[in-house]
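Chains as they are written, first to last, in this note's numbering: chain A, 1 to 424; chain B, 1 to 227. By construction, the Cβ of each residue, glycine as well, lies at the ideal position given by its N, Cα and C atoms.
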Amino acid sequence: MRNHILRLEYLLALYAIASGSLLRHRLRSFLSILGVICGVAAVFATLSIGEGAKREVLAGIRQLGLENIIVRRSQFLNTKTTGGESARNYSNGLQLRDVQLLQGASSAITDVAFLKELQVEFTGMTQEMMPQVVACSSSYFTIHGLTVTRGRMILERDVRLKKKICLLGEGVARGLGSKGTVGNSLRVGEQVFLIVGIVRSAPLKNQESKGGTTLAREVDQMVFLPFGAHDYMKGSQGTGAVAVLDEIVIKLRSGKVAEQIVPLILRTLRLSHNSVRDFQLIVPWQLMYQAKKTQKIFNMVLGTIGAISLLVGGIGIMNVLLAVISERTREIGIRRAVGATRKDIMAQFLAESLLLTVTGGIIGIFAGLACSMLIARFAGWSVAVSLVTVVVPLITSVIVGICAGVYPAVKAAGMDPVQALRSA
Amino acid sequence: MSLPPIAQLHGVSKNYSLDGRIVEVLRNVDFSVHKGEFVAITGKSGSGKSTLLHICGCLDRPTVGKYLLDGRDVGVLADQQLAGLRQNYVGFVFQDFNLLPYASVYENAALPFLYSTLEEERWKPMVLQALEDVGLSHRMAHRPAALSGGERQRVAIARAVVTDPKLVLADEPTGNLDSVTSRDILALFSSLHKKGATILLVTHDRSVAATASRTVVMCDGTLTEVV
Numbered sequence: 001m002r003n004h005i006l007r008l009e010y011l012l013a014l015y016a017i018a019s020g021s022l023l024r025h026r027l028r029s030f031l032s033i034l035g036v037i038c039g040v041a042a043v044f045a046t047l048s049i050g051e052g053a054k055r056e057v058l059a060g061i062r063q064l065g066l067e068n069i070i071v072r073r074s075q076f077l078n079t080k081t082t083g084g085e086s087a088r089n090y091s092n093g094l095q096l097r098d099v100q101l102l103q104g105a106s107s108a109i110t111d112v113a114f115l116k117e118l119q120v121e122f123t124g125m126t127q128e129m130m131p132q133v134v135a136c137s138s139s140y141f142t143i144h145g146l147t148v149t150r151g152r153m154i155l156e157r158d159v160r161l162k163k164k165i166c167l168l169g170e171g172v173a174r175g176l177g178s179k180g181t182v183g184n185s186l187r188v189g190e191q192v193f194l195i196v197g198i199v200r201s202a203p204l205k206n207q208e209s210k211g212g213t214t215l216a217r218e219v220d221q222m223v224f225l226p227f228g229a230h231d232y233m234k235g236s237q238g239t240g241a242v243a244v245l246d247e248i249v250i251k252l253r254s255g256k257v258a259e260q261i262v263p264l265i266l267r268t269l270r271l272s273h274n275s276v277r278d279f280q281l282i283v284p285w286q287l288m289y290q291a292k293k294t295q296k297i298f299n300m301v302l303g304t305i306g307a308i309s310l311l312v313g314g315i316g317i318m319n320v321l322l323a324v325i326s327e328r329t330r331e332i333g334i335r336r337a338v339g340a341t342r343k344d345i346m347a348q349f350l351a352e353s354l355l356l357t358v359t360g361g362i363i364g365i366f367a368g369l370a371c372s373m374l375i376a377r378f379a380g381w382s383v384a385v386s387l388v389t390v391v392v393p394l395i396t397s398v399i400v401g402i403c404a405g406v407y408p409a410v411k412a413a414g415m416d417p418v419q420a421l422r423s424a
Numbered sequence: 001m002s003l004p005p006i007a008q009l010h011g012v013s014k015n016y017s018l019d020g021r022i023v024e025v026l027r028n029v030d031f032s033v034h035k036g037e038f039v040a041i042t043g044k045s046g047s048g049k050s051t052l053l054h055i056c057g058c059l060d061r062p063t064v065g066k067y068l069l070d071g072r073d074v075g076v077l078a079d080q081q082l083a084g085l086r087q088n089y090v091g092f093v094f095q096d097f098n099l100l101p102y103a104s105v106y107e108n109a110a111l112p113f114l115y116s117t118l119e120e121e122r123w124k125p126m127v128l129q130a131l132e133d134v135g136l137s138h139r140m141a142h143r144p145a146a147l148s149g150g151e152r153q154r155v156a157i158a159r160a161v162v163t164d165p166k167l168v169l170a171d172e173p174t175g176n177l178d179s180v181t182s183r184d185i186l187a188l189f190s191s192l193h194k195k196g197a198t199i200l201l202v203t204h205d206r207s208v209a210a211t212a213s214r215t216v217v218m219c220d221g222t223l224t225e226v227v
């Protein structure tokens with residue numbers, strides 16, 4: 001039994017024969033792989049754009065915390081009474097009472113944080129740099145996994161004692177320059193707060209998203225006060241039971257229980273708000289599930305488009321290989337006469353087909369990369385090149401090469417050596 | 001005492017189907033080539049000489065009868081085994097050389113080894129020796145297009161003998177050559193024969209056949225005369 005097919009020397013010889021054959025007809029070879037180049041470039045570009053979009057969305061969702069459920073104050077969504085004005089009479093919006101109710105609603109809820117947005121004018125800051133001032137509970141930072149680059153966090157004690165301290169986002173601190181350091185004072189409205197820490201920007205925001213998702217807050221551009229400290233400010237709604245909150249963050253034992261907990265939260269809040277839907281629920285885990293589902297459909301559509309392009313490319317290669325075999329019939333006869341088996345002939349033409357498509361695949365990847373970079377530059381879309389975006393088109397081109405080469409290779413291998421030798 | 005037969009045909013017939021009609025090319029041929037013989041098959045065009053040669057070279061199979069190559073029944077062998085026989089037992093020389101146009105003289109001569117398990121360091125000296133034997137050591141890097149007809153046929157002969165086959169088959173090897181070059185090529189065959197090669201040569205030219213030690217005449221698919 002001869003097993004020369006697995007020898008490196010033989011494989012190198014096959015490569016030399018295949019490359020020599022293709023280089024002798026450069027233009028024809030290039031034209032034949034044009035379809036594969038376009039197909040692979042399309043698959044690569046769409047995969048990298050899809051991957052970029054996916055990462056951006058998922059980064060935003062992850063930033064919200066997959067184990068969190070966020071309740072935000074909103075316009076009246078529905079009501080059992082008629083008209084917004086009458087509904088308003090029945091609900092005072094999100095309040096500290098809701099926080100207490102939610103804390104005891106289920107053992108799956110491990111923590112609850114809350115936040116109130118403050119409308120404050122800063123003097124000496126540009127409109128673009130205008131930070132968002134919020135008053136929040138100390139747990140807000142732990143729930144969101146926020147840390148400080150310098151100084152310390154807001155503690156439970158700060159909230160309880162309504163300390164006149166603040167934390168700055170890194171962007172705000174940068175904007176303030178030397179005034180934005182720990183130990184300095186910051187004038188917020190008519191009050192002065194001591195800067196005790198600088199909050200580290202969420203890494204995902206900096207690296208993967210310029211604008212971030214609208215759901216996640218721009219920590220970078222925020223000033224945090226202890227909840228209660230805003231009482232000192234003019235026009236504040238106070239910290240009593242009637243204080244209207246803008247956001248309640250519920251931390252769950254696991255994101256997977258979100259589906260069971262959501263109805264419970266809705267029931268609790270409906271009872272508390274007299275069935276007035278003046279809040280909205282954001283469930284990051286559900287959002288992620290939806291995003292992944294959407295991505296899957298997106299990938300399927302893109303994959304189909306790429307597959308059609310590659311199919312056309314594959315047909316082009318098969319056509320060229322059939323022409324090559326027709327031209328080289330005598331060569332097949334010669335090789336058979338000196339000892340080549342049918343498998344050898346098959347291997348030779350499959351090698352040519354593979355070399356064509358893999359070359360097309362590699363060129364296609366570079367073309368796709370160039371397209372992606374142009375799109376990223378001119379359209380401002382997020383593009384991500386990963387191992388998958390490179391390997392998938394390459395493997396696909398190999399599969400196309402094998403599929404396109406099989407029929408011509410089988411045809412060549414099946415030729416009668418005597419007839420092949422007699423051909424012109 | 002005669003040497004053992006290399007090729008033995010027993011009652012070999014070969015039929016082709018042409019436009020629904022059966023054409024009998026070989027009819028009940030009994031024929032042997034012994035080790036060290038130089039046999040010429042002569043006859044008119046279409047008499048079945050090349051078909052007989054193709055069967056002897058394991059490129060074709062008999063429709064009826066038995067062909068033994070070095071004692072092995074070729075009829076029962078699979079394609080891969082036949083390819084192995086063509087590589088190690090048989091060397092072909094064709095009328096129109098049948099060289100790979102894009103390969104060098106060296107690569108053409110080394111072609112049979114592409115499909116063997118022999119290491120390059122073992123077959124390389126064999127290729128160099130074969131090219132030296134046919135007087136083309138100085139043209140190894142040239143392509144066939146740069147060679148004369150006689151030189152091309154010498155490359156084909158080198159390729160045929162490079163594996164040291166048990167049987168060298170030549171199909172009208174001088175058919176495309178002028179008389180002077182033909183004489184050189186025939187001299188080369190004689191030289192190979194003297195070195196011990198077993199040669200079966202097909203020609204329609206009786207003067208070429210005269211070079212052989214034994215001549216067989218083929219007429220209408222049968223061996224009608226043995227001289």
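Inter-residue Cα distance where the pair is residue i and residue j
i	j	result
A:Leu394	A:Leu354	11 angstroms
A:Thr81	A:Gly175	Unreliable placement is indicated for A:Thr81, whose pLDDT of 48 sits below 50; no coordinate value is reported for it.
A:Tyr232	A:Gly60	34 angstroms
B:Ile199	B:Asp205	17 angstroms
A:Ser139	A:Gln295	33 angstroms
A:Val134	A:Val172	13 angstroms
A:Gln286	A:Ala376	29 angstroms
B:Ala145	B:Leu131	17 angstroms
B:Val12	B:Arg159	29 angstroms
A:Cys371	A:Arg55	19 angstroms
A:Gly313	A:Ile33	7 angstroms
A:Gln426	A:Arg24	Since the first residue shown for chain A is 1 and the last is 424, residue 426 of chain A is missing from the structure and cannot be characterised.
B:Glu37	A:Ser423	31 angstroms
A:Met288	A:Val400	34 angstroms
B:Val74	B:Tyr89	12 angstroms
B:Gly149	A:Leu310	46 angstroms
A:Leu146	A:Val199	7 angstroms
A:Met157	A:Pro226	Checking the sequence, you will find Arg at residue 157 of chain A rather than Met. Cα to Cα, A:Arg157 sits roughly 9 angstroms from A:Pro226.
Buried/exposed call for residue i, threshold 16 Cβ in 10 Å
i	result
B:Val208	buried
A:Asn184	exposed
B:Ile157	buried
A:Phe20	A small correction: the amino acid at residue 20 of chain A is Gly; Phe does not occupy that position in the sequence shown. By the 10 Å Cβ count, A:Gly20 comes out exposed.
B:Leu114	buried
A:Asn319	exposed
B:Phe94	buried
Beta carbon proximity, residue i to chain B, threshold 8 angstroms
i	result
A:Leu421	yes
A:Gly414	no
A:Ala351	no
A:Tyr10	yes
A:Arg342	yes
A:Ala13	yes
A:Val358	no
A:Val418	yes
A:Thr20	In the sequence on display, residue 20 of chain A carries Gly and not Thr. Judged by the 8 angstroms Cβ criterion, A:Gly20 is in contact with chain B.
C-beta neighbour in chain A for residue i, strict 8 angstroms
i	result
B:Ala83	yes
B:Leu18	no
B:Gln80	yes
B:Gln87	yes
B:Phe189	no
B:Phe92	yes
B:Arg159	yes
The ligand HEM heavy atom lying under 7 angstroms from the CB of residue i
i	result
A:Asp278	Absence of the ligand HEM from the depicted structure is noted, as is the absence of any ligand whatsoever, leaving it without description.
Contact residues within the segment 389-409 of chain A, judged by C-beta distance below 8 angstroms to chain B: For chain B, none of the residues of the segment 389-409 of chain A brings a beta carbon within less than 8 angstroms of one of its beta carbons.
Do the segment 7-20 of chain A and the segment 323-336 of chain A touch if we need at least three Cβ pairs shorter than 8 angstroms? The segment 7-20 of chain A is not in contact with the segment 323-336 of chain A.
Using Cβ-Cβ distances below 8 angstroms, what residues of the segment 320-340 of chain A are close to chain C? Protein chains A and B are contained in the structure displayed, whereas chain C is not.
Please identify, using Cβ separations under 7 angstroms, the residues of the segment 97-127 of chain B that lie next to chain A, in order along the chain. Close to chain A, meaning a Cβ-Cβ distance shorter than 7 angstroms, are the following residues of the segment 97-127 of chain B: Asn98, Leu100, Tyr102, Leu111, Pro112, Leu114, Tyr115, Ser116, Thr117, Glu120.
According to a CB-to-CB cut-off of less than 8 angstroms, which residues of the segment 23-53 of chain A neighbour chain B? Flagged, chain order: Arg24.
Is it a yes or a no for the segment 77-87 of chain B touching the segment 51-65 of chain B, going by three-plus beta-carbon pairs under 8 angstroms? These segments touch.
In the segment 44-74 of chain B, which residues sit with their C-beta less than 9 angstroms from some C-beta in chain A, listed in chain order? Taking 9 angstroms as the Cβ-Cβ cut-off, the segment 44-74 of chain B approaches chain A at Ser50, Thr51, His54, Gly57, Leu59, Asp60, given in chain order.
Along the segment 143-157 of chain B, what residues have a CB closer than 7 angstroms to any CB found in chain A? Residues of the segment 143-157 of chain B with a Cβ closer than 7 angstroms to any Cβ of chain A: none.
Short of 7 angstroms Cβ to Cβ, which residues in the segment 8-33 of chain B face chain A? Hits within the stretch: zero.
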